[in-house]
Amino acid sequence: MPPPLFSVPVTPSESPAVARRRKEEEEERRRYYLNMGYAIRTLREELPDVFFKEPSFDIYGDDIVFKDPLNKFEGIDNYRRIFWALRFTGRIFFKALWVDIVSIWQPAENLIMIRWIAHGIPRVPWEGHGRFDGASEYKLDKNGKIYEHKVHNVAMNPPTKFKVLPVHELIRSLGCPSTPKPTYFEISSQSLSVALFKIGMDEMLPSAMPYAFPSKSWRRIAWI
Numbered sequence: 001m002p003p004p005l006f007s008v009p010v011t012p013s014e015s016p017a018v019a020r021r022r023k024e025e026e027e028e029r030r031r032y033y034l035n036m037g038y039a040i041r042t043l044r045e046e047l048p049d050v051f052f053k054e055p056s057f058d059i060y061g062d063d064i065v066f067k068d069p070l071n072k073f074e075g076i077d078n079y080r081r082i083f084w085a086l087r088f089t090g091r092i093f094f095k096a097l098w099v100d101i102v103s104i105w106q107p108a109e110n111l112i113m114i115r116w117i118a119h120g121i122p123r124v125p126w127e128g129h130g131r132f133d134g135a136s137e138y139k140l141d142k143n144g145k146i147y148e149h150k151v152h153n154v155a156m157n158p159p160t161k162f163k164v165l166p167v168h169e170l171i172r173s174l175g176c177p178s179t180p181k182p183t184y185f186e187i188s189s190q191s192l193s194v195a196l197f198k199i200g201m202d203e204m205l206p207s208a209m210p211y212a213f214p215s216k217s218w219r220r221i222a223w224i
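Residue numbers (full-length UniProt numbering): 1 to 224.
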């Protein structure tokens, strides 16, 4: 009997365990990208309102770590208190506070960077409009949840010289640095009160291609 003209290689069928594992990996990747996209959209929409509206915390892991040049805080409860303090101190020291989002980009798949400008108009008449330029760095875990929020440098009223500031000093400088300090500013940096004055920023990576957003992506709030 003559051999067949064409031969098709026979591959062994995929075992149930391998097929199940492949399906789980595909589901993990799908969940990762869904959560990553949701995190980017949430940060873009809610960061401009951070001084007067509680943000969504479902984009963060329960063990999230916040870092700035001088401090480190762990856990979602401490992270919530940071944003509570921003709203609380904002109402006390400022007539108006707002944030401009300049750009959002991803230098790596598991990293989100946000370039921002924070503005503040103090209640005291002898202090002028304060401005800080900075950027936030958010790292994502395998599920697309943010597990680290990191701060490096913040620039005050550019183009003045860059200076590393802890965030509670940033808030005081933005508002009324020449006025007497409330006593809770004197508490140790490891205490809960200092934990309330955190919001993370980091430098923009020049090699990354930013996604620019229109000027209406920021909002302004004034208190009377």
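Positions of the beta carbon are idealized from the N, C-alpha and C atoms, including for glycine.
Given a length threshold of 4 residues, the stretch 80-106 has no whole run of the alpha helix (DSSP H) inside it. If you look at residue 115, you'll find it in the beta strand (DSSP E) that goes 111-122.
Here residue 18 carries a helix assignment [DSSP, helix/strand/coil]. Under DSSP, residue 137 forms a beta bridge with 113 and 150. Fewer than three beta-carbon pairs drawn from the stretch 108-128 and the stretch 55-65 are found closer than 8 Å, and the two stretches are therefore not classed as touching. Going by C-alpha positions, residue 130 is about 21 Å away from residue 69.
DSSP places residue 64 within a strand segment (E or B) once states are collapsed to three. In this chain, the beta strand (DSSP E) harbouring residue 72 covers 72-74.
Residue burial is scored here from C-beta neighbours: residue 14 has fewer than 16 other C-beta atoms within 10 angstroms and is therefore classed as exposed. Below 8 Å, enough C-beta pairs join the stretch 132-146 and the stretch 26-39 to call them touching: three or more. Taking 8 Å as the cut-off, the Cβ atoms of residue 104 and residue 40 count as close. Distances from the CA of residue 135 to each of 99, 110 and 88 were compared; the closest alpha carbon is that of 99.
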